[in-house]
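Those sequence lines, one after another, are chains A and B. Here the first sequence is numbered in our numbering, starting from 728 and rising by one per residue. Here the second sequence is numbered in our numbering, starting from 728 and rising by one per residue. Yeah, the Cβ is synthetic: ideal placement off N, Cα and C, and Gly gets one too. As structure tokens, the structure follows; a few thoughts come after it.
Number of protein chains: 2
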Amino acid sequence: MINKKDIDSATSTTSTTSQPHSSSLASTNTQPTLKRIAHESGVSVTTISRVLTGQASRYRISKKTETAVRKLAKELDFVPNQLARGLRLKKTLTIGLVIPDISNPFFAGIAQQATLGTRKHGYSVILCDSQDSTELEIQSLGLLQSRNVEGVVLCPVGQSTDHLAEYVGGRLPIVLVDRFYPELPLPYVSSDNVSGAKQATELLIENGHRRIACLQGLRHTSPNEFRVRGYKEALTKHHIPVDETLIVGDSFTEQSGYIETKLLLKTQPDVKAILSLCNLNALGAIRALAEEKRNVPEDISIVSFDDPPYSAYLATPMTTVAQSYSEMGEVAVKLLFDQIQSSRGQTKGGILLPTTLIKRKSVKRLESPSN
Amino acid sequence: MINKKDIDSATSTTSTTSQPHSSSLASTNTQPTLKRIAHESGVSVTTISRVLTGQASRYRISKKTETAVRKLAKELDFVPNQLARGLRLKKTLTIGLVIPDISNPFFAGIAQQATLGTRKHGYSVILCDSQDSTELEIQSLGLLQSRNVEGVVLCPVGQSTDHLAEYVGGRLPIVLVDRFYPELPLPYVSSDNVSGAKQATELLIENGHRRIACLQGLRHTSPNEFRVRGYKEALTKHHIPVDETLIVGDSFTEQSGYIETKLLLKTQPDVKAILSLCNLNALGAIRALAEEKRNVPEDISIVSFDDPPYSAYLATPMTTVAQSYSEMGEVAVKLLFDQIQSSRGQTKGGILLPTTLIKRKSVKRLESPSN
DNA sequence: TCTCTTAAAACAATCGTTTGCGCAAAACGT
DNA sequence: ACGTTTTGCGCAAACGATTGTTTTAAGAGA
């Protein structure tokens, strides 16, 4: 074997002197390892590990050894290799975050809070952008598992649920954000979309509107379905018949908002109010209205979901239903760590965050109710 | 030892039948490992590894064994443990991404492209939000190293460079995005800020403006300094004296834009044009102008840096200097992988992406040049 | 002086992969 | 029938950290 004894005595004497061999150390290019510190200090890898993980007293390491090891570790800028650690401990201190589109301010906000919250727990996050593709979402989930993440925060693309069923058992802790599946018992955090939409609709009704169009987004996703439900509930509550031809659109995009609004203006000229279920739809609607020379709110009133930072600066400051995406990210992380830490089964339920109606200038009071 | 022979014959016979032992397998809760597959199939861990890494022919594994192993691996949904792999190979297929504020659409766009580009190389990204804090940035960099990332894309907070100096050698490949330090020889990708600002300023000049205020952002960061330089160059080129009292502001925030504009309107009533060096500043300026009942562009013209998606929908569609943040993210990743793959030293230079001036309606042509 | 306790630290196995080397059996040549 | 090559695959040592179990040395007691 190696003449460990030699190294041992040689280094232990020099290490007690105040002359650090930093010159020779600094030259080595790789990250220092326990083994390296062991060589330098003359004690075993085991001891180093125990000192550096705070188990010195539990294993009766002498004060002298402890301080010596600590000092050397600091000198060498030792940082434990998380790969090796994770392998041994089966704890990677990492979670996954899967987002349909990180460039969307709504999701970016969630991502930010999730990142920050995660760091507080000493964890890191691996980010995956699923590009609104279920296939990429599946791929991402697999990738995250191969990297041994301890949990994942997922904003699912939304329309297929099959690939998610396997996580119900709790094999890998997972929490859904924004979009979820009522029939799938996975924990989730979302906004109270029905209440939000209902409030927004009622605001329009209270201002004398009765012919209210609904510009919807991607169907069969929970946010869309619940918002439509809230819209209908408000109408029904105020004894206004639901007219299905006023519920149009099929995508959370600017383009969809534009096209549907154009069409609406032609086919339903008596519509004096629009409830937009997404900020991008609203942007499209604004473009269409401008083209058709309709003023907001004089000619037509709008209320939109989501409250992006520029809402107040639009041609007509927009009345919106704000979702607290920062809270959403925060709560999601909290829920996830509840699961990770108390490894007893998955939380079944979901959490619905309240929305807040922000009144600006895009709603006009109708003196004599139309229709 | 274990009676491997027994297992061997037992499993190899059943595995050739069409009856998969999936029932007993599916019940095990943990990820399958090479060892497990080895037990099930009766061949050694070594062989499995070789088959699954595509080295079958190189090591003369028989076709029969190969297909059997492949089949079993698929049945068990085997995914190699990236931790173990990374440890052994010293390749983690991971890069770090450090961003000052992921909720800022500009950075979110960069992050998206970086994520997507990275995935194309089969890599994942660990995301860190530095919250515009140098301390968090340092912490993040350390964390990423302990996780053995192979490189990092960094949007530095920007004002201190000391902690970055150690990366110059190329110990850990790194590329700077957006903000960089001319004196620090680290590769970077940024916009051609001086040219962009110059163009924008010249547009104003060509429209007859001579008293042009400059709403700047965080000083001593490269984007800000270069934009101011571009502004001055344009002025000088057209023989307009630079008036330092027209260069105001100190932060890339909405609030700064608001306050400085308010002040400006009071102290410099003859200013008829504003060059805003950041979209948030512009938003603040708009708010201030609205409060003071100044119309854009009738009373005052604005050109802003950055082209967020809503630019066209503002009260007055904004003329902007667009930076291609998607390209920025893309190029950054490309540069990083150049370094990672060809492990010969760091690229020294930087890349400046062209900006494009998008003309909308926020600039008014002055018939008789003021002043 | 010799045994027994206890303090202090080292051994060695382990986590899941990869890989240089080596070894058996089969195929081949004579 | 007996070397020799080829084929097919396994052994064991890494990678860097953690931890149950041992070992060593020193001090206490008789």
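| request: Specify the secondary structure class of A:F833 as computed by DSSP and reduced to three states. | output: Here residue 833 of chain A refers to the residue found at position 106 of the first sequence. The answer is helix: DSSP assigns A:F833 an H, G or I state.
Proximal residues to A:L1079 (C-beta, below 7 Å), its chain only, five neighbours per side dropped
Translated into the one-based positions of the first sequence, residue 1079 of chain A becomes position 352. The residues are S917, S918, D919.
Got a sec: which bits of the region 860–887 of chain B sit with their beta carbon under 7 Å from any beta carbon on chain A, in order along the chain?
-> G869, L870, Q872, S873, R874, N875
### Task
Indicate whether at least one CB of chain A lies closer than 8 Å to the CB of B:G944.
As a working note, residue 944 of chain B is residue 217 in the second sequence. It does not: the Cβ of B:G944 has no partner Cβ on chain A nearer than 8 Å.
- Does any CB atom of chain A fall closer than 8 Å to the CB of B:N808? Taking the first residue of the second sequence as 1, we reach residue 808 of chain B at position 81. True, the Cβ-Cβ gap to chain A drops below 8 Å.
query: Excluding the five sequence neighbours on either side, which residues of its own chain have a C-beta within less than 7 Å of the C-beta of A:I822, listed in chain order?
result: As a position in the first sequence, residue 822 of chain A is number 95, starting the count at 1. Hits under 7 Å: T845, Y850, V852, V876, E877, G878, V879, V880, L1063.
### Message
Quick check on the DSSP output: the alpha helix (DSSP H) that includes B:Y958 runs from which residue to which?
### Response
Counted from its first residue, the second sequence places residue 958 of chain B at position 231. B:Y958 -> alpha helix (DSSP H) spans 949–964.
Where A:D1065 and A:V895 are concerned, what is the direct C-alpha to C-alpha distance, given to the nearest angstrom?
-> Taking the first residue of the first sequence as 1, we reach residue 1065 of chain A at position 338. Taking the first residue of the first sequence as 1, we reach residue 895 of chain A at position 168. A:D1065 and A:V895: Cα-Cα distance of roughly 16 Å.
Checklist line | beta strand (DSSP E) segment containing A:I1027, residue limits | finding: Against the first sequence, residue 1027 of chain A aligns to sequence position 300. Note, A:I1027: premise wrong, no beta strand (DSSP E); not H, not E.
- prompt: Along the chain, where does the beta strand (DSSP E) that runs through A:G1105 open and close?
  reply: The structure shown has nothing for residue 1105 of chain A, since chain A only spans 728 to 1098.
Does the distance from the CB of B:R956 to the CB of B:V904 come in under 8 Å? Start at 1 with the first residue of the second sequence, and residue 956 of chain B comes out as number 229. Start at 1 with the first residue of the second sequence, and residue 904 of chain B comes out as number 177. Contact flag unset, no.
Start and end residues, beta strand (DSSP E) containing B:G823: Numbered from 1 along the second sequence, position 96 holds the residue referred to as residue 823 of chain B. It spans 821–826 - the beta strand (DSSP E) in which B:G823 sits, taken as one unbroken run.
**Message:** 8 Å is my cut-off, CB to CB: does B:L891 come that close to chain A?
**Reply:** The residue you call residue 891 of chain B lines up with position 164 of the second sequence. Not closer than 8 Å to any Cβ of chain A, the Cβ of B:L891 fails to qualify, so no.
Grab the span of the alpha helix (DSSP H) containing A:I901 for me, first residue to last.
Working through the first sequence from its first residue, we reach residue 901 of chain A at position 174. Segment 901–904 is the beta strand (DSSP E) holding A:I901; no alpha helix (DSSP H) there.
Please state the DSSP three-state secondary structure of A:S739. Locating residue 739 of chain A in the first sequence gives position 12, where the first residue counts as 1. Caution applies to A:S739, whose pLDDT of 33 falls short of 50 and renders its modelled position unreliable; the value that the coordinates give is listed next. The answer is helix: DSSP assigns A:S739 an H, G or I state.
| said: Judging by CA-CA distance, which residue of A:A1009, A:K1086, A:P827 is the nearest neighbour of B:L1041? | reply: Along the second sequence, read from residue 1 onward, the residue named residue 1041 of chain B stands at position 314. Ranking the options by Cα distance to B:L1041, first place goes to A:A1009.
Where B:S983 sits in the DSSP three-state scheme: As a first step, residue 983 of chain B is located in the second sequence; it is residue number 256 there, counting from the start. DSSP places B:S983 in helix when its eight states are reduced to three.
Practice problem: Give, in chain order, every residue of the region 821–833 of chain A whose Cβ lies closer than 7 Å to some Cβ of chain B. | Solution: Look at the region 821–833 of chain A: the residues with a C-beta under 7 Å from a C-beta of chain B are I829, S830, P832.
- Query: Using 8 Å as the limit for Cβ to Cβ distance, is A:T842 near chain B?
  - Reply: Translated into positions along the first sequence, residue 842 of chain A becomes position 115. A:T842 counts as touching chain B.
* Asked: What do you get for B:A838, buried or exposed, if any count of 16 or more other CB atoms within 10 angstroms of its CB means buried?
  -> Position 111 of the second sequence, counting from 1, holds the residue named residue 838 of chain B. Looking at its Cβ environment, which holds 16 or more other Cβ atoms inside 10 Å, B:A838 is buried.
For the 8 Å Cβ check, are there 3 or more pairs between the region 928–940 of chain B and the region 997–1007 of chain B?
The region 928–940 of chain B vs the region 997–1007 of chain B: in contact.
| task | Compute the beta-carbon to beta-carbon distance between B:A795 and B:I764, rounded to the nearest angstrom, for a pair I have assumed lies under 8 Å. | result | Residue mapping note: residue 795 of chain B aligns to position 68 of the second sequence, counting from 1. Residue mapping note: residue 764 of chain B aligns to position 37 of the second sequence, counting from 1. The Cβ separation is near 10 Å, so there is no contact.
(Q) Quick check: is the beta carbon of B:V852 nearer than 8 Å to any beta carbon in chain A? (A) The residue you call residue 852 of chain B lines up with position 125 of the second sequence. B:V852 counts as touching chain A.
ask   = Could one say the Cβ of A:T819 lies closer than 8 Å to chain B's Cβ atoms, at least one of them?
value = Against the first sequence, residue 819 of chain A aligns to sequence position 92. For A:T819, the answer is yes, since a Cβ of chain B falls inside 8 Å of its Cβ.
Provide the residue span of the beta strand (DSSP E) that contains A:T861, from first to last. Within the first sequence, numbered from 1, the residue matching residue 861 of chain A stands at position 134. Premise fails: A:T861 lies in the alpha helix (DSSP H), 861–873, not in any beta strand (DSSP E).
Determine the direct distance from the alpha carbon of B:L992 to that of A:I826, and round the result to whole angstroms. Counted from its first residue, the first sequence places residue 826 of chain A at position 99. Counted from its first residue, the second sequence places residue 992 of chain B at position 265. About 43 Å.
If the cut is a Cβ gap below 7 Å, which residues of chain A does B:D856 touch?
Residue 856 of chain B sits at position 129 when you count from the first residue of the second sequence. Per Cβ cutoff of 7 Å: Q839, T842, L843.
Practice prompt. Using the Cα positions of B:L913 and B:F953, report the straight-line distance between them to the nearest angstrom.
Written response: In the second sequence, counting from the first residue as 1, residue 913 of chain B sits at position 186. In the second sequence, counting from the first residue as 1, residue 953 of chain B sits at position 226. Cα to Cα, B:L913 sits roughly 18 Å from B:F953.
Residues of chain B with CB closer than 9 Å to the CB of A:A927, please, in chain order. As a first step, residue 927 of chain A is located in the first sequence; it is residue number 200 there, counting from the start. Ordered by position in chain B, no residue passes the 9 Å Cβ test against A:A927, which lies about 20 Å from the chain.
Sub-8 Å separation of B:D856 and A:T842 beta-carbons = In the second sequence, residue 856 of chain B corresponds to position 129, counting from 1. In the first sequence, residue 842 of chain A corresponds to position 115, counting from 1. Yes.
Open item on the list: Excluding the 5 residues flanking B:T963 on each side, which residues of the same chain have their C-beta closer than 8 Å to its C-beta?
Closed with: For the purposes of this step, residue 963 of chain B is taken as the residue at position 236 of the second sequence. Result list for B:T963: V969, in chain order.
Classify B:L816: buried if its beta carbon has 16 or more other beta carbons within 10 angstroms, exposed otherwise.
Along the second sequence, read from residue 1 onward, the residue named residue 816 of chain B stands at position 89. Answer is exposed; the Cβ neighbour count stays below 16.
Check: Are there 16 or more other CB atoms within 10 angstroms of the CB of B:P1035, so buried, or fewer, so exposed?
Finding: Position 308 of the second sequence, counted from the first residue, corresponds to residue 1035 of chain B. Label assigned to B:P1035: buried.
Discussion item. Between A:I1102 and chain B, is any beta-carbon pair separated by less than 8 Å?
Written reply: Residue 1102 of chain A lies beyond the stretch modelled for chain A, which goes from 728 to 1098, so this question has no answer here.
Among all the DSSP beta bridges, which residues are the ones paired with B:D856?
-> For the purposes of this step, residue 856 of chain B is identified with residue 129 of the second sequence, where counting begins at 1. Answer is B:I826.
* CB-CB under 7 Å to B:R777, same chain, minus the five flanking residues each way: which ones, in chain order? -> Translated into the one-based positions of the second sequence, residue 777 of chain B becomes position 50. Counting only Cβ-Cβ distances below 7 Å, and skipping sequence neighbours, we find A783, Y786, I788.
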